[in-house]
Amino acid sequence: MVDAHRGGHPTPMSSTKATLRLAEATDSSGKITKRGADKLVSTIDEFAKIAVSSGCAELMAFATSAVRDAENSEDVLTQVRKETGVELQVLGGVDESRLTFLAVRRWYGWSAGRIINLDIGGGSLELSSGVDEDPEVALSLPLGAGRLSREWLPDDPPGRRRVAMLRDWLDAELADASVVMLEAGSPDLAVATSKTFRSLARLTGAAPSAAGPRMRRTLTANGLRQLISFISRMTTADRAELEGVSAERAPQIVAGALVAEASMRALSIEAVDICPWALREGVILRRLDSEADGAAFMETSPVATSVRDARGQVTDRNAANRSRGNKA
């Protein structure tokens, strides 16, 4: 819950979390399992009741790639609506990328120049680049940590051969996207968002969350490579004992690290700053902006449209294709 108004810093009042891992609760046909859907419903119902009892003026419920890409997405959304009364809105991948970029821009300000941002979720990887609040390039690729863990790294610990295969596959998948990103211009600042990047930074020596959001945290490509060689030999139980890795995130941290490594390599980035704001803050900021200027909450800008039209072969191909780890 946040106390937020236009022009002000969104102030967190309280926080309640639940780990769903819907990207991993997806069966071989691409459908969210009954267990996964039921857990989603119960969580939304619980959070909606907390919002009401806390006197929240507005409840904003959004879903991202795990629900968006599921074959039974409409059925799951209908179940949520019928059983909780909450209208769960599904963000498009490009909109998810843009909203995250907005939060990053507001955090660092105009003086940061051109920002390139990387965000790893459970089901997708978002990349964006720009000099304004709305990025010139915003991409969403089905390269999330949960998805790739399920499809590429079924063993515990993952075998060296599978890790090497996933590395090679990621390089191929990111080739076209990296061209699009770099054509927009060289970044003045490379940024990473998401819990996955925060965990990776912590594992390579960044300050703990207790140090506060304004403490600068970075993740280097060299540190990441060394980390992968270490955690890829560990079991999930052992990884969960590491500081900065929760029991819920331990199963997918290796895949997340490989996606981070491949993304930084594809974009020739040696280090990223870890931004404490991400999609959640972007959603709040966009909501406040739309309330003030009367615009739609999420309206594709002409620039973003032209980028997607010109580079449709990148975004469309990756949005349609699922990773092929189970076929390798």
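Per the UniProt record's numbering, the sequence shown runs over residues 1 to 328.
Glycine included, each C-beta is placed from N, C-alpha and C at the ideal position.
Quick caveat: nothing in here was measured; it's all calculated off a predicted structure.
Residue environment: alanine 145 is assigned as buried (16 or more neighbouring CB atoms within 10 Å of its CB, all protein chains considered).
Assignment of glutamate 126 by DSSP, reduced to helix, strand and coil, places it in the strand class. Taking valine 283 as the centre and dropping the five residues before and after it, the same chain places the C-beta of Met60, Phe62, Leu99 closer than 7 Å to its C-beta, in chain order. Separation of arginine 160 and threonine 204 (C-alpha to C-alpha, rounded to the nearest whole angstrom) is 21 Å. Its Cα nearest to that of arginine 265, the residue Ala190 stands out among Arg233, Ala190, Ser232. By the CB criterion at 8 Å, threonine 43 and leucine 77 fall outside the cutoff. Remark: C-beta atoms of valine 272 and alanine 192 approach each other more closely than 8 Å.
Proline 251 sits in a helix when the DSSP states are folded into three classes.
Straight-line measurement puts the Cα of serine 97 at about 10 Å from the Cα of leucine 91. The three-state secondary structure of aspartate 95, taken from DSSP, is helix.
Of the candidates Glu83, Lys31, Ala70, the residue whose Cα lies closest to the Cα of glutamate 46 is Glu83. In the structure shown, the three-state DSSP call for isoleucine 115 is strand. For the pair of segments examined, the stretch 32 to 43 was found not to touch the stretch 155 to 171: the number of CB pairs separated by less than 8 Å stays below three. Contact check for proline 187 against proline 276 fails: the beta carbons are separated by 8 Å or more. For serine 263, same chain residues with a beta-carbon under 6 Å away, outside a window of 5 residues either side, are Leu118 in chain order. With respect to the 8 Å criterion, glutamate 261 and serine 149 are not classified as neighbours on the basis of their beta carbons. With fewer than 16 neighbouring CB atoms inside 10 Å of its own CB, arginine 225 falls in the exposed class. In this structure, the beta-carbon distance from glycine 123 to threonine 196 does not fall below 8 Å.
For valine 80, the secondary structure class from DSSP, reduced to helix, strand or coil, is helix. When secondary structure is reduced to three states using DSSP, serine 140 falls in the strand class. DSSP places threonine 220 inside the beta strand (DSSP E), whose first and last residues are 218 to 220. Between the beta-carbon of valine 86 and that of alanine 48 there is about 5 Å, and that keeps the pair under the 8 Å contact cut. Apart from sequence neighbours up to five positions away, the residues of its chain that approach alanine 250 with a beta-carbon distance below 6 Å are Thr236, Arg239, Ala240, ordered along the chain. For alanine 192, the enclosing beta strand (DSSP E) stretches over residues 189 to 193.
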